[in-house]
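There are 4 protein chains.
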Amino acid sequence: MTIREMLEAHPQPTSGDLDVIVRCIETCIDCAAACTSCADADLGESDLPEMVRCIRLCLDCADMCDATGRIVTRQTASDAAVVRATVQACVTACRACREECERHAEHHEHCRICAEVCGRCERACNDLLASMD
Amino acid sequence: MTIREMLEAHPQPTSGDLDVIVRCIETCIDCAAACTSCADADLGESDLPEMVRCIRLCLDCADMCDATGRIVTRQTASDAAVVRATVQACVTACRACREECERHAEHHEHCRICAEVCGRCERACNDLLASMD
Amino acid sequence: MTIREMLEAHPQPTSGDLDVIVRCIETCIDCAAACTSCADADLGESDLPEMVRCIRLCLDCADMCDATGRIVTRQTASDAAVVRATVQACVTACRACREECERHAEHHEHCRICAEVCGRCERACNDLLASMD
Amino acid sequence: MTIREMLEAHPQPTSGDLDVIVRCIETCIDCAAACTSCADADLGESDLPEMVRCIRLCLDCADMCDATGRIVTRQTASDAAVVRATVQACVTACRACREECERHAEHHEHCRICAEVCGRCERACNDLLASMD
């Protein structure tokens with residue numbers, strides 16, 4: 193992904209630790225895509241009725257990760273309270289989605305991968321929150 | 193907007209008080225549009241350099257309201273923790289955007305309107321949070 | 193919705209016929225919400241396996257209407273080719289979603305409503321395209 | 193990015209050439225992030241009034257790439273007309289954004305990078321369109 197290069201070329205000083213910010217953005221972007229794909233893969237499974245909660249939480253997580261990736265990307269005139277509340281909501285969405293995907297990880301490889309990506313995103317978001325204190 | 197009719201036609205019982213949920217969704221949708229328009233109107237103003245923080249917070253608020261509107265709309269297999277964290281982040285984004293827009297409300301009518309819409313969305317989100325306790 | 197007031201307060205002249213633009217934005221926003229809700233309602237239906245294509249097309253239509261609503265909302269430095277291609281893609285997404293929802297309109301009221309909203313959005317988008325020639 | 197692994201784990205056969213689809217999704221995702229960042233970097237530049245068209249086209253391109261990345265990611269019950277119209281609109285948005293960013297590439301490194309990413313996304317989208325014929 194090009195986001196690190198973009199932030200290095202930004203005219204304003206980064207709003208915090210560049211490595212931590214880049215990892216948060218990259219995992220949000222990756223997690224949004226994985227969740228969009230996992231919800232769609234669930235729709236193609238033969239045990240579809242058992243996957244309803246997984247689809248729902250993947251759709252929520254994709255929407256929250258998309259918004260968080262965009263908001264954390266922006267470095268001009270950042271509002272720390274907005275960034276913090278957004279990243280906290282993203283942690284909650286990733287955790288709920290990861291826990292549901294883990295329940296299906298043994299029989300659906302896409303759920304196993306999606307749970308892993310959600311876990312990575314949770315950690316990267318928590319690292320960003322810790323760095324903001 | 194059609195969202196009330198849609199939720200009334202939903203096969204599952206609504207996850208809470210229908211009026212409160214509908215008002216939260218409708219104000220999120222309206223606020224996302226107002227913020228997208230306000231950021232764009234700012235770009236056309238002659239005092240553009242003074243509007244940078246307003247543009248930034250409008251873009252964040254639009255993204256957060258979009259995600260919140262979608263997540264609160266979904267009624268199947270809702271996760272209360274995800275809904276709550278999302279709506280809280282939306283309140284924070286609306287408040288920051290409203291406060292900045294209020295600073296420009298006297299000389300830019302679009303900021304005055306946008307501040308009002310953000311305030312309505314804040315209240316509707318807080319009402320939803322109160323109804324979930 | 194507040195979008196008409198916002199566009200009337202915009203510092204730049206509107207990029208075309210205000211009524212046509214406002215109707216396009218409002219129906220895109222309404223259609224995005226209806227499609228998000230219809231996909232979610234489908235997930236709660238007992239004939240879920242028959243609703244897979246409906247869910248898929250509702251998710252696509254919601255994403256395309258969201259992007260189109262945002263792009264048509266922006267009035268500063270518009271690029272007519274971008275607006276036109278976006279609105280055309282929105283027409284295609286609405287038509288596909290409407291046709292699928294119509295197939296389920298008799299047994300699912302949310303599909304009947306969603307098909308109607310998609311049809312309105314199609315027409316409003318086509319009206320905008322016609323006004324741009 | 194994890195999207196290739198996710199598509200390989202999908203229960204349904206891919207709707208076309210996997211390599212071409214993955215490259216289209218990955219460049220859409222990367223381009224959405226680069227454009228979000230470029231619009232934000234423009235807001236921090238001292239020649240901000242000259243960057244208004246660049247900001248506008250970056251915001252449009254980010255929205256269109258986000259929608260396209262999501263729609264191309266979905267493999268269940270794909271509608272070829274919807275995919276084609278979406279990807280065509282994405283090509284148009286990327287081209288307009290790339291041409292504007294190229295005008296600023298010499299004095300703003302973030303515009304040079306963003307123009308490159310838009311060009312890659314344009315080509316990946318055109319490759320997907322060619323593979324669908």
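Protein chains in written order, with this note's numbering: chain A, 193 to 325; chain B, 193 to 325; chain C, 193 to 325; chain D, 193 to 325. Glycine included, every Cβ here is placed at the ideal spot set by N, Cα and C. On a predicted model such as this, the values are computed, not experimentally measured, just so you know.
Helix, strand or coil, according to DSSP, for residue i in the structure here?
i, result
"E237 of chain D", "coil"
"Q204 of chain A", "coil"
"E298 of chain A", "coil"
"M198 of chain D", "helix"
"A269 of chain C", "coil"
"D211 of chain D", "helix"
Would you give the residue range spanned by the alpha helix (DSSP H) that residue i belongs to?
i, result
"H302 of chain B", "301 to 324"
"R153 of chain D", "There is simply no residue 153 of chain D to check, as chain D begins at 193 and stops at 325 in what is shown."
Could you work out which residue in the options is closest to residue i when comparing CA atoms only?
i, options, result
"C220 of chain C", "C:C317, C:S323, C:L321, C:A322", "C:C317"
"M144 of chain D", "A:L320, A:C303, A:R287, A:S323", "Examination of residue 144 of chain D is not possible in this model, given that chain D is present from 193 through 325 alone."
"L251 of chain B", "A:D252, A:R266, A:C250, A:A254", "A:R266"
"S229 of chain A", "D:I247, D:S270, D:C246", "D:S270"
"S238 of chain D", "A:S323, A:S238, A:T268", "A:T268"
"C286 of chain A", "A:T206, A:H299, A:L249", "A:L249"
"H299 of chain A", "A:T206, A:D209, A:E242, A:G208", "A:E242"
"G311 of chain C", "C:D209, C:D222, C:T206", "C:D222"
"E291 of chain B", "B:D319, B:R196, B:S207, B:C253", "B:C253"
"M324 of chain A", "A:D209, A:R196, A:E301", "A:D209"
"R315 of chain C", "C:L240, C:E218, C:T206, C:D255", "C:E218"
When you compare the CB positions of residue i and residue j, do they come within less than 8 Å of one another, or not?
i, j, result
"C313 of chain C", "C257 of chain C", "yes"
"T260 of chain A", "T284 of chain A", "no"
"C306 of chain A", "A224 of chain A", "no"
"C216 of chain B", "V274 of chain B", "no"
"V330 of chain C", "L235 of chain A", "As shown, chain C starts at 193 and ends at 325. That puts residue 330 of chain C outside it, with no answer to give."
"V212 of chain D", "T194 of chain A", "no"
"R276 of chain A", "L321 of chain A", "yes"
"Q204 of chain C", "A281 of chain D", "no"
"H296 of chain B", "A233 of chain C", "no"
"A272 of chain C", "I247 of chain C", "no"
Strictly below 9 Å CB to CB, what residues from chain A border residue i?
i, result
"R266 of chain D", "T228, S229, A231, D232, L235"
"I305 of chain D", "T194, E197, M198, A201"
Can you list the residues of chain D that residue i reaches, using a CB-CB cut of under 7 Å?
i, result
"I247 of chain B", "L235"
"H302 of chain A", "M198, A201, H202"
Run through chain B and tell me which residues come within less than 7 Å of residue i, C-beta to C-beta.
i, result
"R262 of chain A", "D255"
Mind listing the chain D neighbours of residue i? Cutoff is C-beta to C-beta under 9 Å, in chain order.
i, result
"A225 of chain A", "M193, T194, I195, M198, I217, E218, I221, G261, R262, T265"
"T206 of chain C", "Per Cβ cutoff of 9 Å: no residues; T206 of chain C is ~15 Å from chain D at best."
"A277 of chain C", "M256, A277, Q280, A281, C282, V283, T284, A285"
Could you list which residues in chain A have their beta carbon closer than 8 Å to that of residue i, in chain order?
i, result
"L240 of chain C", "L240, P241, V244"
"D252 of chain D", "Neighbours of D252 of chain D on chain A: none; closest Cβ ~14 Å, over 8 Å."
For residue i, verify whether its CB is less than 7 Å away from any heavy atom of the ligand MG.
i, result
"A307 of chain C", "The model on display carries no ligand, and the ligand MG is accordingly not part of it."
What in chain A is Cβ-close to residue i, meaning under 7 Å?
i, result
"A273 of chain B", "T284, A288"
"A269 of chain B", "V244, R245, R248"
Whose Cβ in chain B lies nearer than 8 Å to the Cβ of residue i?
i, result
"D258 of chain C", "D258"
Just to make sure I have the definition right: I need the residues of chain C whose C-beta is within less than 9 Å of the C-beta of residue i. Which are they?
i, result
"V309 of chain B", "T194, M198"
Is there at least one Cβ from chain F nearer than 8 Å to residue i's Cβ?
i, result
"D325 of chain A", "This model lacks chain F altogether; the protein chains it does include are A, B, C and D."
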